[in-house]
Each structure stands twice: as structure tokens, then as C-alpha cells.
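What follows is a set of notes on a single structure, which appears directly below.
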Amino acid sequence: MRAHNFYLPPYLKALTVMLFIIVLVFFLIVGKGLLVPIFMGGFFAILFTPLSNFLEKHKFPRTLACFISLLLMTALVVGLISFVISNVVSFTKDFTNVTDRLVGVAGEIDQWTLSKFGINENLEDKIDSNALIEYLNQNSKSITAFALNAIGSISGLVLIPIFMFFLLLYRDHLTKMMVMIYREKDPVLVKMRISSLRKLIQSYIVGVGKVMIILAILNITAYSLIGIKHAIFFGIIGAILNIIPYIGPLIGVSLPVIYSFLTMDSILYPVLVLGAYQIIQFLEGNFLTPKIVGGNVNLNAFITFLGLLVGGSIWGIAGMILVIPTLAILREIFDLSEHTKPFALLLGEEKEDIKYLPEDENTE
């Protein structure tokens, strides 16, 4: 029997795509608690695959090689969590001196308005120190809780290392599955694309890690020279948040700016922090990221920005971190099939000549 192509009218195709998007978003929202650890475990598995391969080449059983990789990842994550929690608890205690700082600023404003306009609002006398201290103490607890929740949503607690271990252990099964899905393609070609995809994600993660370390060193050096307390904490947090495009760097610099304004005795400190931030971001955007990370993910700016908005609205901080490498993976998968190549083109940033189809010559 001859195979007949199944034809859908354009409006049914559009309706099908819309329904698929609705179901997908619903699935992502409902399954957040399970999907976030799976995705994080998958990226950690990709990152630690070279280590596992190295150990296996030196006669380590795959199970033991995966377990050693798991221990190293766990040590890194636990160390980072401990560092963040201890520093958040520490620097929020410094807010007890904020009232004195605000009273001093209010006095300076009163003197300036009196000398310039002959107006004295007595702002200094209107500050309720006890109420302010109580408010800051409550918000200090909120800051700590926010940090703990953010870390918990990203780390996935126990599930991330479990998923990482099994994805490392059964990575050959996943390759065989992709070969079976795209069985009309050359198996060697599919394996090459999978290997290329794995290297792409590894290069992206390692490159981002290198940029993060350099930014942390630059931030810590700048904040220490300025005289900001907890310079190491603010420097590292700013470097980590930098992995979230556009939004992350702004959050990273707002923390030391607000802290220095509330705890230091001069407005010069937050101004210097902003100046250092501008210089470091210029170096990162024009030299560090282009040279180290390069165009590994190869996504256009619109898709990146839209992905951040969607990822953040669905999965919060974890979604904003995961969305960029996830879109890069989808782009490579879409590029495997002629039917999905238009979606790969939509996600990518390279300019390709679009060949318009001529009008149907058979139309009578």
C-alpha cells in the first residue's frame, strides 16, 4: 500500500501548537518539584562526565567512577550552601547600627535644606529607632529565609545527586535511545551530534565557571580596596548571580550598594561600589565572556530574554539558571530533523538566507 501524507489545515496546526504549549507549561508548573532536580542532575552529570570517563579509562568500575564524581559534586554544593548561610546570618546582624546611620543622614538632609531653602523638616526627630530596629530584624529573617529557599530550589536537596548518579551511570542508554528515535538518520551521525551536544554544554558550564571565578576575584579585590565589610561574600554572590543574564548582575551589585549605604558613614562607599561594578561589567561583557564562553550556546538575544522571563515565572531562580543551557540543548535536538529545523533556526542567532518557495506551478 502507498503511504499517504497526513495533512492538517493551517488553523488546526496552529491550534495543535497552542494546546501543546498550554499542556507543556501546565506540566512544568505542576512537576516543578521533580523536574528541577532532574534538570540540575542532568547538567551536573554532563559536567562530571569527563571525570567519570577519565576514571573509567584508569580501570575504575563505572559505578565507582560515578560515585566518586557524586562525592565531589556533593562536597562543592554543601560547601557553597554552608558559605552562603553563614554569611547571610552574619551580615544581617550588622543592621543593628542602621538607625544611627539613618539618623545621621536625616540630620545632613535637614542642614542642607535649611541652608539652601530655609526649611527645616526635623527628619532626624521623626525617625522611630525602636520601630526601625524591629522592622530590620524581621526583614533580616526574611533575607535568611529567602536565601535558604533559593538554595533549596536550586540544589534539589537529596534528589539532585541521585539523578546525577543515575544519569551518569546510564548515559550510554540515553545515547542508544536517541539513536533509536532518529533511526532514519545515520547512527554514527546521531552519536556525533550527541557527543557534540555534550561537549557544547560542558564548554558552556566550564566557561561560565571560569568567568565566575575571575569575577569573584575582581569583585572581592574591588570591595576590599573600597573598604566594604563582607567583601568575600558580596564578591562571590555577585559572581554567582552573574550566570543569570541581565537580571543577575543588577541583583549582585544592589546587595553591597544597599549594605554600604545602610552601614557605612559616607555616601561615597555605595558610589564607589557602583563605579567598580560598571568597570567589572565592562570587562566581563567585552573581554571575559566573549573570549572564555564565546558563542557556545548560540542563542539569539530575544529568545534568551524571553526564556529568562518564562523560566523565572515558572521555576523562579532555578528556572532562570536552567533555561539557557536547556534552550541550547533543544536547539541542537531540533537541528537533527528536517521537520524541526525551523525551530532550531528560531532559537539560533546565525543569519541564514531564507529561500522562499515559488508559487505552486501546478495551480490552474
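In the working numbering, each residue's number is its place in the sequence shown (first place is 1) plus 4.
Positions of the beta carbon are idealized from the N, C-alpha and C atoms, including for glycine.
The structure displayed is predicted, hence computed values, not measured ones.
Starting from the C-beta of residue i, find all residues in its chain whose C-beta is less than 6 Å away, skip the five residues before and the five after it, and write them out in chain order.
i: K36; result: W319
i: G315; result: G323, M324 and V327
i: F167; result: P41, I42 and G45
i: S191; result: Note that residue 191 is Pro in the sequence shown, not Ser. Same-chain partners within the cutoff: V183.
i: E336; result: L201
i: I205; result: I50 and P329
i: L161; result: none
Does DSSP put residue i in a helix, a strand or coil?
i: G320; result: helix
i: G231; result: coil
i: L340; result: coil
i: G252; result: helix
i: N91; result: helix
i: Y186; result: coil
i: S200; result: helix
i: D176; result: helix
i: G35; result: coil
i: K214; result: helix
i: S246; result: The amino acid at residue 246 is misidentified as Ser; the sequence shows Asn. Coil, per DSSP.
i: I271; result: coil
i: V327; result: helix
i: F64; result: coil
i: P294; result: helix
i: V40; result: helix
i: P54; result: helix
i: P13; result: coil
i: L259; result: helix
i: V29; result: helix
i: E19; result: Per the sequence shown, residue 19 should be read as Leu rather than Glu. In this structure, L19 counts as helix in the three-state DSSP scheme.
i: V162; result: coil
i: F24; result: helix
Under the DSSP definition of a beta bridge, which residues are partnered with residue i?
i: L303; result: G352
Just to confirm my understanding: we take residue i, look at its own chain, exclude 5 residues before and 5 after, and list those with CB closer than 7 Å. What are they?
i: D339; result: K345 and A348
i: I296; result: G211, K214 and V215
i: G239; result: A220, N223, I224 and Y227
i: I155; result: Here the model assigns I155 a pLDDT of 48, short of 50, so the residue's position is not dependable and the matter cannot be decided.
i: T78; result: P165
i: V261; result: P274, V277 and L278
i: S264; result: I232, Y273, P274 and V277
i: I236; result: I224
Which whole-angstrom value describes the C-beta separation of residue i and residue j, a residue pair presumed to lie in contact below a C-beta threshold of 8 Å?
i: F52; j: S73; result: 4 Å
i: Y174; j: I230; result: Actually they are not in contact, since the Cβ atoms of Y174 and I230 sit about 50 Å apart, beyond 8 Å.
i: P249; j: L312; result: 6 Å
i: A49; j: L172; result: 5 Å
Who are the Cβ neighbours of residue i in its own chain at under 8 Å, not counting the five residues just before and after it?
i: V194; result: M182, V183, Y186 and L340
i: F71; result: F169
i: N304; result: L351, G352 and E353
i: I333; result: L201 and I205
i: I307; result: L331, L350 and L351
i: E60; result: R66 and A69
Determine, for residue i, whether the minimum Cβ-Cβ distance to residues of chain C falls below 8 Å.
i: L204; result: The displayed structure is made up of one protein chain only, and chain C is not part of it.
Three Cβ pairs or more, each shorter than 8 Å: is that satisfied between the region 254 to 267 and the region 319 to 333? no
Three-pair Cβ contact test at 8 Å for the region 211 to 223 versus the region 278 to 291: yes
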